[in-house]
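Below: one structure, written as structure tokens.
Numbering (the numbering used here), first residue to last: -16 to 112.
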């Protein structure tokens, strides 16, 4: 079991995304880079990137200056969202999820981003928090 947001977890999530046929279909024609930042975790802040490139989806640790949008949450919020205790919409409307960048990009690619949730369901079952 990989610990949430550890390098092993990011690698496992990336592998799951790469081999998920529905996600490949949902992201065909989509080109999007999402920067994720989680603050205040047990091992400090974690930054990772979700890159969508015409049906190919990958995750990697670190930052990407080309990110179309950047999401920032604290550790508690990230865990609540990952476990289903808090929706992204609720986190956003209550100010717990900060969005930096072009909101229209998020709205336009909502279905592709939503497809990530299904991919990560299996990863979540094998994750420790």
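Note that the Cβ used here is the ideal one computed from N, Cα and C, for glycine as well.
One or two residues paired with residue i in a DSSP bridge
i           : result
residue 83  : 53
residue 20  : 30, 55
residue 36  : 14, 39
residue -14 : 111
residue 44  : 31
Member of the options whose CA lies at the smallest distance from the CA of residue i
i           : options        : result
residue 89  : 6, -5, 7, 14   : 14
residue 108 : -10, 66, 20    : 66
residue 91  : -15, 9, -11    : 9
residue -6  : 45, 20, 61     : 45
residue 64  : 7, 0, 97, 40   : 97
residue 0   : 72, 59, -9, 39 : 39
Backbone CA spacing between residue i and residue j [nearest angstrom]
i           : j           : result
residue 87  : residue 47  : 19 Å
residue 77  : residue 52  : 19 Å
residue 68  : residue 37  : 31 Å
residue 11  : residue 32  : 19 Å
residue -4  : residue 102 : 8 Å
residue 82  : residue 55  : 7 Å
residue -13 : residue 25  : 10 Å
residue 2   : residue 79  : 31 Å
residue 28  : residue 112 : 15 Å
residue 18  : residue 5   : 23 Å
residue 85  : residue 74  : 18 Å
residue 20  : residue -16 : 22 Å
residue 49  : residue 42  : 14 Å
Residue i beta carbon near the ligand PLP (any heavy atom closer than 7 Å)
i          : result
residue -4 : Although the ligand PLP was asked about, the structure shown includes no ligands whatsoever.
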